[in-house]
Amino acid sequence: MEASREKIIVKTSVIGIIANVFLAGFKAVIGLMTNSIAIVLDAVNNISDAGSSLITIVGTKLAGKEPDKKHPFGYGRIEYLSAMIISVIVLYAGITSFVESVKQIIHPETPEYNAVSLIIVAVAVVVKILLGRYVKSVGEKVNSDSLINSGEDATLDSIISASTLVAAGIFLIFHVSLEAWLGAVISLVIVKSGIEMLRDTISQILGERNDTELAKAIHETVTGFPDVQGAYDLVLNNYGPDTWNGSIHIEVPDTYSAAQLDQLIREITMKVLHEHHVILTAIGVYSVNTKDEDVIAAQKKVREIALSHEHVRQMHGFYLLKEQKSMRFDIVISFDAGDRKAVYKEVVADVQKAFPDYELQVAMDTDFAEE
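Numbering (this note's numbering), first residue to last: 118 to 488.
Listed below in structure tokens is the structure:
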């Protein structure tokens, strides 16, 4: 699967390089012949797109390296770095185009359009639209941010090329040259797109919340085992597109033996790997009281107290020891809370008030898939 994905990305990038090199050559000649700064800048932009595709190929090849001692989780995150480089190239291209457009506004030059040049630019617009859609669709299919960014960039380029046609039409009809002004506006659109691409890529490198749909699917798989009464604290670590490691806690009856637990954990690990391609590196265990009615009633009361607080999303991991007068449980507090620690203290105080003779061990948890 990984080898097939790499081949698809490389093939798509090579198509992008060939298309952009040809377009750049044609546009450079036309731009110089017609004295059009917009078309010349468009040609330069095509060269930067070819460079972006080359970066995508290199990034994909490096990301496919096998794990080693230094990087035991693999090199998949290199793809995020290549996507970031492409974002910077887009941003740089937008800023450069804006500067050149402003220079042209201050010191205008009269363009000399002809039918052949405009037809070629029109064809380039169509090619760029098709190329952008193709590259972006493949990027979404194989989950490649580099291809998605390249596809969006190609779509923006088609808008730039189309703007030169609009400017040419206005000049030929009204004898007013607006291409520099249109170039400045489009440049700002490119700058905005580059900033958004860069922001999204940096967010991924920093580490985002769990993939909501993936987290939900894993929870359903784990809780589908007969004796698993709950699954909590799922943490997913991303090491590149479609590469996940994680950990989770499960609630099981306190009657379970070590041998039963070992078998259950192995079965859960294998099923999650098979169905979701996620390696669960650890499965923690919460023991659930099943024998004492008083303890079960206490658990219900604590749950009611905890969930009565607005920002408490969940209570789990409850266990009570009568003889030791000890009680432990975890509470999940939403990021929407203005002060999560304050909510935690309020919950602990209310439970302590209801059970004054007990020593409490309460952990504040996070829902890493919270929307």
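Backbone N, C-alpha and C fix where the C-beta goes; we use that ideal spot for every residue, glycine too.
With a threshold of 16 other beta carbon atoms within 10 Å, T318 meets it and is buried. DSSP places Y209 in the uninterrupted alpha helix (DSSP H) bounded by I195 to I223. Residue burial annotation: N137 is buried, with at least 16 other C-beta atoms found within 10 angstroms of its C-beta. Within the same chain, L299 and I303 come within 6 Å of S280 by CB-CB distance, once the 5 residues on both sides are set aside. In the structure shown, Y461 falls within a helical segment according to DSSP collapsed to helix, strand and coil. R383 and K418 have their alpha carbons spaced roughly 34 Å apart. Around the beta carbon of I223, a 10 Å sphere encloses fewer than 16 other beta carbons of the protein chains shown; the residue is thus reported as exposed.
For the pair S263 and A210, the CB atoms are not nearer than the 8 Å cut-off. Sorting T151, S234 and D328 by C-alpha distance to the C-alpha of T227 places T151 at the top. In the three-state DSSP reduction, V345 falls in the coil class, being neither helix nor strand. About 6 Å separates the beta carbon of I365 from that of L397, a gap short enough to meet the 8 Å contact definition. Nearest in C-alpha terms to S451, of all of D328, P370, Q431 and P358, is Q431.
At the C-beta level, V402 and G363 stay beyond 8 Å of one another. By the C-beta criterion, the segment 250-263 is judged not to be in contact with the segment 278-295, since fewer than 3 inter-stretch pairs fall below 8 Å. When the five nearest sequence neighbours on each side are left out, the beta carbons in the same chain lying within less than 7 Å of the beta carbon of S234 are those of I147, M150 and T151, in order along the chain.
With a cutoff of 8 Å on beta-carbon distance, S310 and D159 are scored as not near each other. Per DSSP, the continuous alpha helix (DSSP H) segment holding Q321 begins and ends at E296 to L323. Bridge partners of S364 according to DSSP: V352 and A399. Of all alpha-carbon atoms in T338, A480, D328 and G347, the one lying nearest the alpha-carbon of L353 is that of D328.
Taking all protein chains shown into account, Q221 has 16 or more neighbouring C-beta atoms within 10 Å of its C-beta and is therefore buried. In terms of Cβ geometry, K144 and I134 do not form a close pair [threshold 8 Å]. If you draw a straight line from the Cα of V479 to the Cα of Y461, it comes to about 9 Å. Across the set D447, S254, K187 and N162, the C-alpha of N162 shows the shortest separation from the C-alpha of F215. Counting of Cβ neighbours within 10 angstroms places I236 among the exposed residues, the total staying below 16.
Nearest to L208 by C-alpha distance, out of E269, K186 and G193, is E269.
Within the DSSP bridge table, the entry for Y436 names R445 as partners.
The DSSP-derived three-state label of E427 is coil.
Sequence-distant partners of I287 (beyond 5 residues in either direction) whose C-beta falls short of 7 Å from its own C-beta, in its chain, are V293 and L295. Scanning Y349, D359 and E427 for the CA closest to the CA of Q321 turns up D359. I202 sits close to I172, with the two beta carbons spaced by under 8 Å. Annotation: A167 to L424 spans about 55 Å, alpha carbon to alpha carbon.
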